[in-house]
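Per full-length UniProt numbering, the sequence shown starts with residue 1, numbered consecutively. Ideal Cβ positions, reconstructed from N, Cα and C, are used throughout, including at glycine. Structure first, commentary second.
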Amino acid sequence: MASPRAQRRWSALAHPLVEEDEKRQKDRQLPGPLPEKPPLSGSRLAHYTHSATLSFTYLDHRTKTYQQETLSQTDMLRRVVQHIPEKHFRMIRYFGFLANRVCGRQLPRVYEALRMERRGKAPKLYFAQMSKAFLHRDPFSCVLCGARMVYTAAIAGLTVQGLVNNAQSIAQLRYVPA
Numbered sequence: 001m002a003s004p005r006a007q008r009r010w011s012a013l014a015h016p017l018v019e020e021d022e023k024r025q026k027d028r029q030l031p032g033p034l035p036e037k038p039p040l041s042g043s044r045l046a047h048y049t050h051s052a053t054l055s056f057t058y059l060d061h062r063t064k065t066y067q068q069e070t071l072s073q074t075d076m077l078r079r080v081v082q083h084i085p086e087k088h089f090r091m092i093r094y095f096g097f098l099a100n101r102v103c104g105r106q107l108p109r110v111y112e113a114l115r116m117e118r119r120g121k122a123p124k125l126y127f128a129q130m131s132k133a134f135l136h137r138d139p140f141s142c143v144l145c146g147a148r149m150v151y152t153a154a155i156a157g158l159t160v161q162g163l164v165n166n167a168q169s170i171a172q173l174r175y176v177p178a
């Protein structure tokens, strides 16, 4: 007959000495849902020692300047914990006429009441436009001869070596600036 210890389920991957039930109970004790991103990134930390203080920089939106603040660890935790919602709390980002459910119907009425002009859709940006603006080069012009490149066909089933063999003669040509 197997011993009672052998009948228990053990988590061998993360904690070889901790039972699964104990690990789950420990996870349940954490306050609220944990954020995926830390509340303060490591790049913003100006100074941190394992003692009692924590210094960080932030942008003050009222004065439009960067400020540096030093807090104790307990004060920092107190500030972070106040932003953790209670269990089963439903987060609402927009309400009233900006709510996702009614903004299509209500926003035109708000624009009318405030006598605002309704903005049109922003023009679409395409890859070629962005490339020309940023790199000052047409991505569809050949780097060798300057002619306009046109999509002709896709060759399926070639290996990397086959693609290299097809492109090797083009790659050995001399670069001609446009």
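Considering just the uninterrupted stretch of the alpha helix (DSSP H) at Y66, what are its terminal residues?
Position 66 of the sequence shown holds residue 66. First-last for Y66: 65–72, but that is the beta strand (DSSP E), not the alpha helix (DSSP H).
How close, in whole Å, do the beta carbons of F140 and M149 come, if the pair is a contact with beta carbons under 8 Å?
Reading the sequence shown from its first residue, position 140 is the one you call residue 140. Reading the sequence shown from its first residue, position 149 is the one you call residue 149. That belief holds up - the Cβ atoms of F140 and M149 are roughly 5 Å apart, short of 8 Å.
I believe F95 touches L107 by the beta-carbon criterion, under 8 Å. Please report the beta-carbon distance rounded to the nearest angstrom.
Here residue 95 refers to the residue found at position 95 of the sequence shown. Here residue 107 refers to the residue found at position 107 of the sequence shown. Contact doesn't hold; Cβ gap of about 14 Å is too wide.
Which same chain residues end up closer than 8 Å to residue 218 when comparing Cβ atoms and leaving out the 5 residues on each side of it in sequence?
Look at the range of the chain in this structure, 1 to 178, and you will see that residue 218 is not part of it.
Following the continuous alpha helix (DSSP H) through Y111, name the residue where it begins and the one where it ends.
For the purposes of this step, residue 111 is taken as the residue at position 111 of the sequence shown. It spans 103–113 - the alpha helix (DSSP H) in which Y111 sits, taken as one unbroken run.
Classify F89 as buried or exposed, calling it buried when 16 or more other Cβ atoms lie within 10 Å of its own Cβ.
Along the sequence shown, read from residue 1 onward, the residue named residue 89 stands at position 89. Exposed is the call here.
Classification of F127 by the beta-carbon crowding that lies within 10 angstroms, buried from 16 upward:
Stepping through the sequence shown from its first residue, residue 127 is reached at position 127. Its Cβ having fewer than 16 others within 10 Å, F127 is exposed.
Count the other C-beta atoms from every protein chain shown that fall within 10 angstroms of the C-beta of F134, then say buried if there are 16 or more, exposed otherwise.
Reading the sequence shown from its first residue, position 134 is the one you call residue 134. It is exposed - the Cβ of F134 has fewer than 16 other Cβ atoms within 10 Å.
Please return the same chain residues whose Cβ sits closer than 7 Å to the Cβ of C142, not counting the five positions on each side in sequence.
Indexing the sequence shown from 1 puts residue 142 at position 142. M149, listed in sequence order.
Taking the straight line between their C-alpha atoms, what separation do you get for N100 and I92?
Here the question's residue 100 lines up with position 100 in the sequence shown. Here the question's residue 92 lines up with position 92 in the sequence shown. Between N100 and I92, the C-alpha separation is close to 10 Å.
Rounded to a whole number of angstroms, what is the C-alpha to C-alpha distance between M104 and N166?
Taking the sequence shown and counting its residues from 1, one reaches residue 104 at position 104. Taking the sequence shown and counting its residues from 1, one reaches residue 166 at position 166. Here residue 104 is Gly; the residue named in the question, Met, does not match the sequence. Using only the alpha carbons, I get a separation of about 53 Å.
Since F97 is in the beta strand (DSSP E), which residue starts that stretch and which ends it?
Position 97 of the sequence shown, counting from 1, holds the residue named residue 97. That residue, F97, is in no beta strand (DSSP E); it is neither H nor E in DSSP.
Could you tell me the alpha carbon to alpha carbon distance between G146 and A153, rounded to whole angstroms?
Numbered from 1 along the sequence shown, position 146 holds the residue referred to as residue 146. Numbered from 1 along the sequence shown, position 153 holds the residue referred to as residue 153. Taking the straight line from one Cα to the other gives about 20 Å.
Where does F56 fall in DSSP's three states?
Taking the first residue of the sequence shown as position 1, residue 56 is located at position 56. Strand, per DSSP.
Taking all protein chains shown into account, do 16 or more other C-beta atoms lie within 10 angstroms of the C-beta of L163, making it buried, or fewer, making it exposed?
Along the sequence shown, read from residue 1 onward, the residue named residue 163 stands at position 163. Classification of L163: exposed, given that the 10 Å Cβ count is below 16.
Looking at the unbroken alpha helix (DSSP H) that takes in F127, where does it start and where does it end?
Here residue 127 refers to the residue found at position 127 when the sequence shown is read from its first residue. It spans 127–135 - the alpha helix (DSSP H) in which F127 sits, taken as one unbroken run.
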